[in-house]
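Student: So that we are looking at the same thing, I have put the structure below in structure tokens.
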Amino acid sequence: MEKPLTANFRPGEPLSLKEYEKLGGYQALRTALKMGPDEIIQLISQSNLRGRGGAGFPTGTKWSAVPSPKDLPGTRYFIADADEMEPGTFKDRLLMEGDPHQFLEGVIIGSYAIHAEEAFIFLRWEYTLAQSRLKSAISEAYSRGYLGNDIMGTGVNVRVHLHVSAGRYICGEGTALVNSLEGKRAVPHSKVPRQTDCGLWGRPTLMNNVETLCNVPHIINNGPEWFKNLSNSKDGGTKIYAVSGKVKRPGAWELPMGTTIREILEENAGGMRDGLKFRGVMPGGASTDFLVEQHLDVKMDYDSVQKAGSRLGTGTMIVLDDQTCPVGMVHNLEHFFARESCGWCTPCREGLPWVASILKAMEEGHGQPDDLDVLRFHTKHLGPGRTYCALAPGAMEPLQSALVYFREDFERHITEKRCPWR
Amino acid sequence: MLTDDMKKKIEEECHRCGNRQGACIEAIQTAQTFWGWISDENMEHIARFLGMSPAELDGVASFYNHIYRKPVGKHIVMVCDSVSCWVMGYEKLLDHMTQRLGIGLGGTTADGLFTMVPIQCLGACDKAPAIMIDEKLYTDLTPEKFDRIIEKYREGA
Numbered sequence: 001m002e003k004p005l006t007a008n009f010r011p012g013e014p015l016s017l018k019e020y021e022k023l024g025g026y027q028a029l030r031t032a033l034k035m036g037p038d039e040i041i042q043l044i045s046q047s048n049l050r051g052r053g054g055a056g057f058p059t060g061t062k063w064s065a066v067p068s069p070k071d072l073p074g075t076r077y078f079i080a081d082a083d084e085m086e087p088g089t090f091k092d093r094l095l096m097e098g099d100p101h102q103f104l105e106g107v108i109i110g111s112y113a114i115h116a117e118e119a120f121i122f123l124r125w126e127y128t129l130a131q132s133r134l135k136s137a138i139s140e141a142y143s144r145g146y147l148g149n150d151i152m153g154t155g156v157n158v159r160v161h162l163h164v165s166a167g168r169y170i171c172g173e174g175t176a177l178v179n180s181l182e183g184k185r186a187v188p189h190s191k192v193p194r195q196t197d198c199g200l201w202g203r204p205t206l207m208n209n210v211e212t213l214c215n216v217p218h219i220i221n222n223g224p225e226w227f228k229n230l231s232n233s234k235d236g237g238t239k240i241y242a243v244s245g246k247v248k249r250p251g252a253w254e255l256p257m258g259t260t261i262r263e264i265l266e267e268n269a270g271g272m273r274d275g276l277k278f279r280g281v282m283p284g285g286a287s288t289d290f291l292v293e294q295h296l297d298v299k300m301d302y303d304s305v306q307k308a309g310s311r312l313g314t315g316t317m318i319v320l321d322d323q324t325c326p327v328g329m330v331h332n333l334e335h336f337f338a339r340e341s342c343g344w345c346t347p348c349r350e351g352l353p354w355v356a357s358i359l360k361a362m363e364e365g366h367g368q369p370d371d372l373d374v375l376r377f378h379t380k381h382l383g384p385g386r387t388y389c390a391l392a393p394g395a396m397e398p399l400q401s402a403l404v405y406f407r408e409d410f411e412r413h414i415t416e417k418r419c420p421w422r
Numbered sequence: 001m002l003t004d005d006m007k008k009k010i011e012e013e014c015h016r017c018g019n020r021q022g023a024c025i026e027a028i029q030t031a032q033t034f035w036g037w038i039s040d041e042n043m044e045h046i047a048r049f050l051g052m053s054p055a056e057l058d059g060v061a062s063f064y065n066h067i068y069r070k071p072v073g074k075h076i077v078m079v080c081d082s083v084s085c086w087v088m089g090y091e092k093l094l095d096h097m098t099q100r101l102g103i104g105l106g107g108t109t110a111d112g113l114f115t116m117v118p119i120q121c122l123g124a125c126d127k128a129p130a131i132m133i134d135e136k137l138y139t140d141l142t143p144e145k146f147d148r149i150i151e152k153y154r155e156g157a
């Protein structure tokens with residue numbers, strides 16, 4: 001089984017530029033510079049690479065949405081979203097720490113593919129190790145001529161800037177991230193016009209997740225057919241899956257896209273800790289619906305997880321065991337989302353704290369008989385289409401599924417007037 | 001007042017952005033590295049230097065986690081309170097830390113050594129519970145491990 005994304009991982013320091021080159025590093029950039037932007041985009045489209053940040057949008061389609069310099073001359077920007085902050089998610093950190101040049105090579109190729117001469121890496125503050133490793137990788141790439149003006153004598157210019165965020169979950173949302181880079185409050189705004197037409201400082205802007213970009217050099221080197229064959233599903237490639245919670249071996253693994261939940265949980269994470277039983281899992285971070293026992297054989301790819309009623313999201317699972325209170329867990333999630341709401345849209349700003357306060361009251365034994373109806377009401381009214389961004393709808397995903405799968409637990413909190421787990 | 005060194009660094013950021021407001025978060029971070037926090041007076045200095053109004057700049061500053069508008073301790077203890085850490089025993093750990101430091105979230109110890117704040121997922125979920133102190137990540141935390149870590153910071157004070 002090939003594991004292109006993590007092949008160069010090793011304990012201690014990651015590969016230096018020289019070591020990365022010896023293993024074929026920056027060969028993809030050389031090839032890409034010969035191919036030209038249109039051919040690169042075609043190749044990425046053929047590979048069925050889908051965005052690994054959570055939404056799963058086809059990367060080739062996204063890249064081809066940026067207007068060509070003929071249609072719209074002038075500056076355009078490339079942004080790598082390295083603001084990984086979805087609770088339960090730690091795949092991009094591993095990729096940046098483990099092989100910073102692989103990521104950087106993806107950033108340079110992506111920038112070239114959309115004719116962007118300026119690229120930003122938007123990195124979260126807390127990733128201090130990734131920050132220092134990226135800084136050295138960037139400086140190595142500049143001195144070797146892979147970055148800067150006239151890259152390897154081709155006349156292509158790409159400059160990379162590392163922006164270390166001052167920290168806020170909502171910065172991971174595309175339009176909020178752009179506001180933050182412009183030196184404003186990271187408040188999301190309307191998706192129209194699209195950022196590919198009018199993004200950073202009003203210019204065409206393309207944004208990709210770290211894991212997405214790490215795949216790019218390998219697709220250029222090995223072709224779209226090779227990439228599709230890595231996968232167990234119709235979405236191409238491998239995926240960094242991860243598991244946290246009370247399993248025997250929490251961790252992250254690069255596996256074929258479409259590996260089943262059961263295989264990840266049992267074979268890679270070693271199953272539940274002794275004495276504990278599996279109750280549920282959020283398959284792709286905090287803003288995905290719970291899946292339960294009956295879904296264990298679902299393939300972890302975009303369409304299969306969606307069919308099961310949740311989302312692949314970031315592919316990093318959080319496991320709920322039978323001795324942890326589902327209501328308490330959902331309260332933790334809703335408290336998080338209430339705090340991280342930017343406060344712009346009313347349903348999110350007002351609704352999330354209300355949801356969190358109801359769950360808190362339940363946990364403290366003050367649940368009321370109509371609480372479940374009030375919570376269900378919120379899952380509808382904070383759902384998609386009522387806010388600018390996906391924070392509130394995302395917050396409702398674990399709640400709405402918990403109300404279905406763990407309904408008895410909610411009812412016990414109300415009837416027994418206490419949390420049965422405390 | 002902004003030092004010449006700060007001004008130079010901020011100017012570099014402004015140049016990179018091609019726009020003075022675009023550099024405002026870096027400007028605040030630069031100043032905070034030196035001062036530890038941003039007072040009203042210093043907020044005005046930075047705003048003036050960037051050609052922004054103090055209110056506008058404060059609007060930005062107050063939005064982000066790592067910008068401090070009140071004095072903080074020498075070390076910032078950031079406690080991950082997100083879901084994986086919660087499942088792995090964040091609440092008990094927080095109780096212990098609160099007791100050991102004698103402060104709640106948002107508080108600063110009387111000796112000015114530690115300020116404890118909540119933080120969202122630190123991306124160390126396979127090694128939960130996790131905290132960060134300043135720029136260093138600590139994982140698989142237990143009350144005993146926390147005590148040992150804190151002792152080291154106290155000795156270094």
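Here the protein sequences come in this chain order: G and V.
What the first sequence shows, in the UniProt record's numbering, is residues 1 to 422, in sequence order.
What the second sequence shows, in the UniProt record's numbering, is residues 1 to 157, in sequence order.
Where is the CB? At the ideal position from N, CA and C, for every residue including glycine.
(1) Could you tell me which chain G residues have their CB closer than 7 Å to the CB of residue 135 of chain V, listed as they occur along the chain?
(2) Could you check which residue in V/70, V/100, V/155 and V/128 has the C-alpha nearest to that of residue 43 of chain V?
(3) May I have a chain-ordered list of the beta strand (DSSP E) segments no shorter than 3 residues that lie completely inside the segment 34 to 80 of chain V?
(4) If you reduce the DSSP assignment to three classes, tell me which class residue 67 of chain G lands in.
(5) Hey, does residue 41 of chain V have any beta-carbon neighbour from chain G nearer than 9 Å?
(6) If we count Cβ pairs, one from each stretch, closer than 8 Å, do we get three or more for the segment 380 to 399 of chain G versus the segment 342 to 353 of chain G?
(7) So, is the C-beta of residue 243 of chain G closer than 9 Å to a C-beta in chain V?
(8) Please classify residue 99 of chain V as buried or exposed, where buried requires at least 16 other C-beta atoms within 10 Å of its C-beta.
(9) Quick check: the segment 215 to 235 of chain G against the segment 328 to 343 of chain G, are at least 3 beta-carbon pairs closer than 8 Å?
(10) Could you pull the start and end residues of the beta strand (DSSP E) that residue 80 of chain G belongs to?
(11) Do the CB positions of residue 120 of chain G and residue 151 of chain G come within less than 9 Å of each other?
(12) Quick one, which of G/200, G/63 and G/279 has its alpha-carbon nearest residue 19 of chain V's?
(13) Evaluate the contact criterion for the segment 200 to 217 of chain G versus the segment 92 to 108 of chain G: three or more CB pairs, one atom per stretch, below 8 Å.
(14) Quick one: what's got a C-beta closer than 8 Å to residue 421 of chain G's C-beta in the same chain, skipping five residues either side?
(15) Using a Cβ cut-off of 7 Å, pull out every chain G residue sitting near residue 64 of chain V, in sequence order please.
(16) Is there at least one Cβ from chain V nearer than 9 Å to residue 370 of chain G's Cβ?
(17) Taking only beta carbons into account, state which residues of the segment 44 to 64 of chain V come closer than 7 Å to chain G, listed in chain order.
(18) Would you list, in sequence order, the uninterrupted beta strand (DSSP E) runs of no fewer than 3 residues that lie entirely inside the segment 209 to 294 of chain G?
(19) How would you list, in chain order, the residues of chain G whose beta-carbon sits under 8 Å from the beta-carbon of residue 86 of chain V?
(20) Identify the continuous alpha helix (DSSP H) that holds residue 121 of chain G and give its terminal residues.
(21) Based on Cα-Cα distance, which residue from G/34, G/173 and G/101 lies nearest to residue 141 of chain G?
(22) Give the DSSP-derived three-state secondary structure of residue 129 of chain V in the structure shown.
(23) Check whether chain G comes within 9 Å of residue 16 of chain V, counting only Cβ atoms and requiring the distance to be less than that.
(24) Closest Cβ-Cβ distance between residue 158 of chain G and chain V: below 9 Å?
(25) Contact defined as beta carbons within less than 8 Å: I believe residue 80 of chain V pairs with residue 86 of chain G. What is the distance between those atoms, to the nearest angstrom?
(26) Can you list, in chain order, the residues of the segment 107 to 133 of chain V whose Cβ is nearer than 9 Å to any Cβ on chain G?
(27) Is it the case that the segment 104 to 122 of chain G contacts the segment 35 to 50 of chain G, given that we only count it when at least three CB pairs across the two stretches are under 8 Å?
(28) Between which residues of its own chain and residue 73 of chain V is the CB-CB distance below 7 Å, once the five residues before and five after are set aside?
(29) From the beta carbon of residue 299 of chain G, is the nearest beta carbon of chain V less than 9 Å away?
(30) Let me check one thing: in DSSP terms, what residues is residue 119 of chain V bridge-paired to?
(31) State the Cα-Cα distance for the pair residue 55 of chain G and residue 282 of chain G, rounded to the nearest angstrom.
(32) Would residue 159 of chain G and residue 147 of chain G qualify as a contact pair, given that the criterion is a beta-carbon distance under 9 Å?
(33) Any chance you could list the beta strand (DSSP E) runs of at least 3 consecutive residues sitting entirely within the segment 129 to 198 of chain G, in chain order?
(34) By the DSSP assignment, the alpha helix (DSSP H) with residue 149 of chain V in it spans what residues?
(35) Going straight from the alpha carbon of residue 139 of chain V to that of residue 26 of chain V, what length do you get?
(36) Under 8 Å by Cβ, that's how I've got residue 125 of chain V and residue 244 of chain G pegged, so tell me the actual separation to the nearest angstrom.
Tutor: Straight from the coordinates:
(1) Along the second sequence, one-based indexing puts residue 135 of chain V at 135. Here the neighbours are 128.
(2) Position 43 of the second sequence holds residue 43 of chain V. Residue 43 of chain V has its Cα closest to that of V/70, out of V/70, V/100, V/155 and V/128.
(3) 75 to 80
(4) The sequence position of residue 67 of chain G within the first sequence is 67, counting from 1. Reduced to three states, the DSSP call for residue 67 of chain G is coil.
(5) Here residue 41 of chain V refers to the residue found at position 41 when the second sequence is read from its first residue. Not an interface residue.
(6) yes
(7) Numbered from its first residue, the first sequence carries residue 243 of chain G at position 243. Yes - at least one Cβ of chain V is within 9 Å of the one on residue 243 of chain G.
(8) Translated into positions along the second sequence, residue 99 of chain V becomes position 99. Residue 99 of chain V is exposed by the Cβ-count criterion.
(9) no
(10) As a working note, residue 80 of chain G is residue 80 in the first sequence. Note, residue 80 of chain G: beta strand (DSSP E), 77 to 82.
(11) Locating residue 120 of chain G in the first sequence gives position 120, counting from the first residue. Locating residue 151 of chain G in the first sequence gives position 151, counting from the first residue. Contact flag unset, no.
(12) Taking the second sequence and counting its residues from 1, the one referred to as residue 19 of chain V is at position 19. Ranking G/200, G/63 and G/279 by Cα distance to residue 19 of chain V puts G/200 first.
(13) yes
(14) Locating residue 421 of chain G in the first sequence gives position 421, where the first residue counts as 1. Here the set comprises 323, 324, 325 and 328.
(15) As a first step, residue 64 of chain V must be located in the second sequence, where it is residue number 64. Those within 7 Å of residue 64 of chain V in chain G are 166, 167 and 168.
(16) In the first sequence, the residue the question calls residue 370 of chain G occupies position 370. Not closer than 9 Å to any Cβ of chain V, the Cβ of residue 370 of chain G fails to qualify, so no.
(17) 59, 60, 63 and 64
(18) 238 to 244, 251 to 256 and 278 to 282
(19) The residue you call residue 86 of chain V lines up with position 86 of the second sequence. The contacting residues are 328, 329 and 332.
(20) The residue you call residue 121 of chain G lines up with position 121 of the first sequence. Per DSSP, residue 121 of chain G belongs to no alpha helix (DSSP H); it is in the beta strand (DSSP E), 118 to 123.
(21) Taking the first sequence and counting its residues from 1, one reaches residue 141 of chain G at position 141. For the residues G/34, G/173 and G/101, the minimum Cα distance to residue 141 of chain G belongs to G/101.
(22) As a position in the second sequence, residue 129 of chain V is number 129, starting the count at 1. Coil.
(23) What you label residue 16 of chain V is simply residue 16 of the second sequence in a count that begins at 1. True, the Cβ-Cβ gap to chain G drops below 9 Å.
(24) Along the first sequence, one-based indexing puts residue 158 of chain G at 158. Not closer than 9 Å to any Cβ of chain V, the Cβ of residue 158 of chain G fails to qualify, so no.
(25) Position 80 of the second sequence, counted from the first residue, corresponds to residue 80 of chain V. Position 86 of the first sequence, counted from the first residue, corresponds to residue 86 of chain G. 13 Å between Cβ atoms; not a contact.
(26) 118, 119, 120, 121, 122, 123, 124, 125, 126, 127, 128 and 132
(27) yes
(28) Translated into positions along the second sequence, residue 73 of chain V becomes position 73. Only 108, 109, 112, 113, 114 and 115 meet the Cβ criterion.
(29) Translated into the one-based positions of the first sequence, residue 299 of chain G becomes position 299. Residue 299 of chain G does not count as touching chain V.
(30) As a position in the second sequence, residue 119 of chain V is number 119, starting the count at 1. V/80.
(31) The residue labelled residue 55 of chain G in the question sits at position 55 within the first sequence. The residue labelled residue 282 of chain G in the question sits at position 282 within the first sequence. Computed Cα separation, rounded: 15 Å.
(32) Start at 1 with the first residue of the first sequence, and residue 159 of chain G comes out as number 159. Start at 1 with the first residue of the first sequence, and residue 147 of chain G comes out as number 147. In this structure, residue 147 of chain G lies closer than 9 Å to residue 159 of chain G by Cβ.
(33) 159 to 164
(34) Here residue 149 of chain V corresponds to residue number 149 of the second sequence, with the count starting at 1. Run containing residue 149 of chain V: 143 to 156, per the alpha helix (DSSP H) assignment.
(35) What you label residue 139 of chain V is simply residue 139 of the second sequence in a count that begins at 1. What you label residue 26 of chain V is simply residue 26 of the second sequence in a count that begins at 1. Going from the Cα of residue 139 of chain V to the Cα of residue 26 of chain V covers about 29 Å.
(36) In the second sequence, the residue the question calls residue 125 of chain V occupies position 125. In the first sequence, the residue the question calls residue 244 of chain G occupies position 244. At roughly 4 Å, the Cβ-Cβ gap stays under 8 Å, so residue 125 of chain V and residue 244 of chain G are in contact.
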